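J.: Here's a structure for you.
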Amino acid sequence: MIGAHHARGWSEESAGDRRGLLPPALKWCYTAFVALLVPVYWWHYGPINFLWFSNIALLTTLVAVWRESALLASMMALAVV
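Here the sequence shown stands for residues 73 to 153, numbered as in this note's numbering.
Written out as C-alpha coordinates, the structure reads:
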(Lines of atoms letter the chains of each structure in order from A and count residues from 1; the text may use other names and numbers.)
(Lines give C-alpha, C1' and ligand atoms only; values in the text may rest on other atoms or scores of the structure.)
Protein backbone atom coordinates (compact mmCIF):
# COMPACT_ATOMS: atom_id res chain seq x y z
CA MET A 1 0.00 0.00 0.00
CA ILE A 2 2.68 2.44 -1.00
CA GLY A 3 0.19 4.67 -2.80
CA ALA A 4 -2.00 5.10 0.30
CA HIS A 5 0.96 6.36 2.34
CA HIS A 6 1.95 8.92 -0.27
CA ALA A 7 -1.62 10.10 -0.77
CA ARG A 8 -1.89 11.19 2.88
CA GLY A 9 1.07 13.55 2.69
CA TRP A 10 3.04 14.03 5.90
CA SER A 11 2.59 11.21 8.34
CA GLU A 12 2.52 11.56 12.11
CA GLU A 13 5.94 9.92 12.34
CA SER A 14 7.62 12.49 10.13
CA ALA A 15 5.91 15.35 12.01
CA GLY A 16 7.23 13.95 15.28
CA ASP A 17 10.73 13.67 13.86
CA ARG A 18 10.82 17.39 13.11
CA ARG A 19 10.32 18.33 16.77
CA GLY A 20 13.34 19.51 18.70
CA LEU A 21 15.14 21.11 15.76
CA LEU A 22 15.34 24.54 17.38
CA PRO A 23 17.91 24.78 20.14
CA PRO A 24 16.52 25.64 23.58
CA ALA A 25 18.92 28.60 23.81
CA LEU A 26 17.24 30.19 20.79
CA LYS A 27 13.82 29.68 22.34
CA TRP A 28 14.87 31.23 25.65
CA CYS A 29 16.69 34.16 24.01
CA TYR A 30 13.68 35.02 21.87
CA THR A 31 11.42 34.68 24.92
CA ALA A 32 13.67 37.03 26.91
CA PHE A 33 13.68 39.51 24.01
CA VAL A 34 9.87 39.52 23.84
CA ALA A 35 9.59 39.69 27.64
CA LEU A 36 11.73 42.85 27.62
CA LEU A 37 10.20 44.40 24.52
CA VAL A 38 6.52 44.06 25.43
CA PRO A 39 6.62 46.16 28.64
CA VAL A 40 8.71 48.84 26.93
CA TYR A 41 6.30 49.03 23.99
CA TRP A 42 3.34 49.04 26.39
CA TRP A 43 4.85 51.94 28.37
CA HIS A 44 5.81 54.07 25.36
CA TYR A 45 3.02 53.32 22.89
CA GLY A 46 0.15 51.92 24.95
CA PRO A 47 -1.79 48.69 24.56
CA ILE A 48 -3.44 49.76 21.30
CA ASN A 49 -0.02 49.42 19.63
CA PHE A 50 -0.27 45.64 19.89
CA LEU A 51 -3.03 45.58 17.27
CA TRP A 52 -0.48 46.28 14.50
CA PHE A 53 0.33 43.23 12.37
CA SER A 54 4.02 43.50 13.25
CA ASN A 55 3.32 43.21 16.97
CA ILE A 56 0.80 40.42 16.49
CA ALA A 57 3.46 38.63 14.43
CA LEU A 58 6.03 39.20 17.18
CA LEU A 59 3.84 37.52 19.79
CA THR A 60 2.58 34.74 17.54
CA THR A 61 6.13 33.97 16.44
CA LEU A 62 6.95 33.36 20.09
CA VAL A 63 4.24 30.69 20.13
CA ALA A 64 5.52 29.32 16.81
CA VAL A 65 9.07 29.05 18.15
CA TRP A 66 8.02 27.15 21.26
CA ARG A 67 5.64 24.85 19.37
CA GLU A 68 8.10 24.64 16.46
CA SER A 69 5.18 25.28 14.16
CA ALA A 70 6.18 26.07 10.59
CA LEU A 71 2.55 26.90 9.83
CA LEU A 72 2.34 29.66 12.44
CA ALA A 73 5.75 31.04 11.48
CA SER A 74 4.87 31.21 7.79
CA MET A 75 1.49 32.79 8.54
CA MET A 76 3.21 35.56 10.48
CA ALA A 77 5.78 36.08 7.74
CA LEU A 78 2.97 36.58 5.24
CA ALA A 79 1.01 38.83 7.59
CA VAL A 80 3.93 41.20 8.00
CA VAL A 81 4.71 41.31 4.27
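Here a beta-carbon is modelled for each residue, glycine too, at the ideal position from N, C-alpha and C.
Note that the structure is predicted; figures quoted are calculated from it, not measured.
Return the Cβ separation of A145 and T133 in integer angstroms, given the expectation that the two are a contact with Cβ distance under 8 Å.
T.: Here residue 145 refers to the residue found at position 73 of the sequence shown. Here residue 133 refers to the residue found at position 61 of the sequence shown. Yes, A145 and T133 are in contact; Cβ-Cβ is about 6 Å, under 8 Å.
J.: Rounded to the nearest angstrom, what separates W114 and V137 at their Cα positions?
T.: As a position in the sequence shown, residue 114 is number 42, starting the count at 1. As a position in the sequence shown, residue 137 is number 65, starting the count at 1. If you take the alpha carbons of W114 and V137, they lie about 22 Å apart.
J.: If the criterion is Cβ atoms closer than 8 Å, does the pair L94 and E140 meet it?
T.: Here residue 94 refers to the residue found at position 22 when the sequence shown is read from its first residue. Here residue 140 refers to the residue found at position 68 when the sequence shown is read from its first residue. Against a cut-off of 8 Å, the Cβ pair of E140 and L94 comes out as a contact.
J.: Return the Cβ separation of V106 and L123 in integer angstroms, given the expectation that the two are a contact with Cβ distance under 8 Å.
T.: For the purposes of this step, residue 106 is identified with residue 34 of the sequence shown, where counting begins at 1. For the purposes of this step, residue 123 is identified with residue 51 of the sequence shown, where counting begins at 1. Not really, about 17 Å apart at Cβ, beyond 8 Å.
J.: Should V153 be labelled buried (16 or more other beta-carbon atoms within 10 Å of its own) or exposed?
T.: Counting from one through the sequence shown, the residue named residue 153 turns up at place 81. Exposed is the call here.
J.: Where F125 and P111 are concerned, what is the direct C-alpha to C-alpha distance, given to the nearest angstrom?
T.: In the sequence shown, residue 125 corresponds to position 53, counting from 1. In the sequence shown, residue 111 corresponds to position 39, counting from 1. Roughly 18 Å separates the two Cα atoms.
J.: Among the residues of its own chain, which have a CB less than 8 Å from the CB of K99, if the five just before and after it don't count?
T.: For the purposes of this step, residue 99 is taken as residue 27 along the sequence shown, with counting starting at 1. Taken in chain order, the residues that qualify are V137, W138.
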